[in-house]
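Novice:
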Amino acid sequence: MLHSANPSAPPSKRIFAPTGGSTDPGHAVQYQAGALDKSDLHPTPTDQFHAWFQEALDAKVYQPETVTLATASLPDGKPSARIVFMKELDDRGFVIYSNWETSRKSKDVKSNPQAALTFWWREMERQVRVEGHVERLTSEESQVYYDTRIRGSRIGAWASPQSQVLEGREELEKRVEEVEKRFDGKDKIPVPDFWGGIRVVPEMVEFWQGYNMCPPETITSLQTSSAPSPNVSSIIPPTEISQKAYAHAASLLHSSILNHSIRLYLYTKTLAASKNSIYHTNPAKHDQLFVACLFHDIGTTETYNGPQRFEVEGADAAVAHLSQFGVSEGDKQQVWYTIALHTSNGIVERMGELPALMRKALAVEFSAGDWKNVEGIDVVVEYKAKLEMTYPRLDIEKVLGDAVTLQAVEKPEKAPSASWPGGLLRAYLEDPDWKGVNKGF
Ligand SMILES: Cc1cc2nc3c(=O)[nH]c(=O)nc-3n(C[C@H](O)[C@H](O)[C@H](O)COP(=O)(O)O)c2cc1C
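Under UniProt numbering, the first residue of the sequence shown carries the number 1, and numbering increases by one thereafter.
Spelled out as structure tokens, the structure:
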């Protein structure tokens with residue numbers, strides 16, 4: 001609810017109805033640069049944006065890449081916005097470079113990988129609004145842009161903890177000196193892990209053109225499709241079952257849980273290959289492995305927030321998906337066990353090949369370091385770090401713990417006491433103000 005100010009003491013107005021420089025008293029500047037006709041639009045939002053950006057450059061708009069980036073943190077939902085430069089546009093989205101460790105925007109994006117961008121090109125009387133989800137560029141991608149920056153900026157990125165208060169100028173100078181020493185004589189400086197690009201992958205782009213109307217308004221919104229990124233499309237099995245499963249999961253899952261599900265799939269697949277499992281040798285079973293991993297946490301989404309435990313809702317959703325494609329009862333049962341019991345240590349391992357494989361992969365995901373002792377897991381060790389660069393963790397423990405807890409708070413029957421959700425709910429109720437990863441995770 002919006003809080004209203006005390007009406008008995010109206011605040012004195014410091015600015016009231018400004019006319020934006022109009023010399024006509026009481027009348028704001030009119031927008032009349034031109035109408036926007038749907039038939040003039042380019043076929044995709046990216047093409048349309050590209051055309052407008054070029055027109056802005058031609059019209060000598062000052063730094064048309066300047067854009068307001070808005071983010072919001074969870075769970076408090078507080079928004080924040082700042083001016084940044086859009087440095088790249090590709091077919092997936094709009095790229096911005098920044099510090100992703102200490103800045104306010106990094107904290108927002110870690111808890112809530114969604115963002116909005118607003119461009120305003122005054123000379124053209126044009127605004128473009130973009131809303132979408134955020135993905136981190138790989139360090140290889142960020143390195144390409146980083147290498148184009150002058151040495152001072154590259155050193156600066158290493159030295160400056162963005163949005164943190166420094167003791168004084170000397171502290172920054174000292175940090176710069178240390179970094180200079182570290183890279184003395186080296187032309188090639190690696191991009192810091194905490195610095196780089198994010199891409200806002202648009203789900204909505206709106207083009208606004210000022211026109212001779214009051215209020216000025218000619219608005220056209222274009223919805224974008226959410227095709228998987230090139231990284232992802234190369235790993236999805238090339239069948240209708242898996243392609244549709246991915247599209248469904250990606251449209252519902254929190255980005256952090258989606259990345260976790262993709263990593264889980266790649267670990268499970270690698271383990272299956274190393275054990276010469278039937279889930280590797282028989283191509284017909286690849287879809288079952290994929291669906292089990294991509295749907296294993298789908299019960300955390302609003303669409304599948306039914307009365308049962310999230311694991312059971314997810315297992316039922318996977319079986320419903322597989323049923324559309326004539327998968328056998330025995331195969332569906334394996335997928336059901338895999339998902340329904342994936343939080344039941346000591347039981348799931350004995351329910352069959354697929355449940356045991358995915359449980360091992362989960363050990364790699366979640367038991368910081370101890371997993372190295374899990375039998376047969378060494379094949380995955382070497383590529384864990386690399387995989388987490390491509391599909392970042394995005395605070396998965398916190399996101400997943402909070403998602404399951406939130407459902408359980410609203411519907412306690414989803415969290416029986418002797419279950420993983422039950423443990424999360426108990427931990428939450430013991431300390432509801434705790435802001436970190438749920439202590440029962
Ligand atoms: C014209 C202009 C361009 C800017 N470009 C960037 C940018 O590309 N990346 C960036 O991290 N900050 C940029 N900044 C600084 C941000 O506005 C902001 O102060 C900084 O990123 C810290 O924001 P945060 O604490 O909200 O994360 C720019 C500021 C201005 C005025």
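Glycine residues also receive a C-beta, built at the ideal position from the N, C-alpha and C atoms.
1) Just the Cα atoms here: how many angstroms apart are lysine 411 and threonine 390?
2) Could you tell me which of Arg263, Val327 and Glu313 sits nearest to isoleucine 241, measuring between CA atoms?
3) Looking at ligand 1, does it come within less than 7 angstroms of leucine 85, judged from the CB to the closest heavy atom?
4) How would you label lysine 398, buried or exposed, when you count the other beta carbons within 10 angstroms and need 16 or more for buried?
5) Judging by CA-CA distance, which residue of Arg169, Glu140 and Arg175 is the nearest neighbour of glycine 156?
6) Roughly how many angstroms separate the alpha carbons of leucine 387 and serine 344, rounded to a whole number?
7) Which residues bound the alpha helix (DSSP H) around aspartate 48?
8) Please report the distance separating the alpha-carbon of glycine 436 from that of leucine 253.
9) Three-state secondary structure (DSSP) at glutamate 88?
10) Pick out the complete beta strand (DSSP E) segments inside the segment 157-213, 3 residues or longer, and give them in chain order.
11) Give the C-beta separation of leucine 362 and leucine 264 to the nearest angstrom, bearing in mind that I take them to be a contact with Cβ-Cβ under 8 angstroms.
12) What are the start and end residues of the alpha helix (DSSP H) that includes tyrosine 62?
13) Let me confirm a value: phenylalanine 16 is counted as buried when at least 16 other C-beta atoms fall within 10 Å, else exposed. Which label applies?
14) Count the other CB atoms, across all protein chains shown, that sit within 10 Å of the CB of alanine 385; report buried if there are 16 or more and exposed otherwise.
15) Three or more C-beta pairs under 8 angstroms: does that hold for the segment 195-203 against the segment 78-93?
16) For the beta strand (DSSP E) that leucine 117 lies in, which residues bound it at each end?
17) For the beta strand (DSSP E) holding arginine 129, just list the boundary residues, first then last.
18) Can you tell me whether asparagine 212 is buried or exposed? The criterion is at least 16 other CB atoms within 10 Å of its CB, across all chains shown.
19) I believe tryptophan 336 touches alanine 320 by the beta-carbon criterion, under 8 angstroms. Please report the beta-carbon distance rounded to the nearest angstrom.
20) Exposed or buried, which one is phenylalanine 85 when buried takes at least 16 other CB atoms within 10 Å?
Specialist: On the basis of the coordinates in this document:
1) 35 angstroms
2) The candidate whose alpha carbon is nearest that of isoleucine 241 is Val327.
3) A quick correction: the sequence has phenylalanine, not leucine, at residue 85. Because some heavy atom of ligand 1 lies under 7 angstroms away, the Cβ of phenylalanine 85 counts as near it: yes.
4) The residue in question, lysine 398, is buried, as its Cβ has 16 or more Cβ neighbours within 10 Å.
5) Arg175
6) 26 angstroms
7) Note on identity: in this sequence residue 48 is glutamine, with aspartate being the wrong assignment. From DSSP, the alpha helix (DSSP H) with glutamine 48 extends over 45-58.
8) 21 angstroms
9) The answer is strand: DSSP assigns glutamate 88 an E or B state.
10) Entirely contained in the segment 157-213, the beta strand (DSSP E) runs reaching 3 residues are, in chain order, 195-209.
11) A Cβ-Cβ distance of about 7 angstroms is found for the pair leucine 362 and leucine 264, placing them in contact under the 8 angstroms criterion.
12) Note, tyrosine 62: premise wrong, no alpha helix (DSSP H); not H, not E.
13) exposed
14) exposed
15) yes
16) 114-121
17) 126-136
18) Note that asparagine 212 scores 47 on pLDDT, short of 50, meaning its location in the model is unreliable; the coordinates nonetheless yield the value given after this. Result: exposed.
19) Rounded to whole angstroms, the Cβ separation of tryptophan 336 and alanine 320 is 11 angstroms, and the two are not in contact under 8 angstroms.
20) exposed
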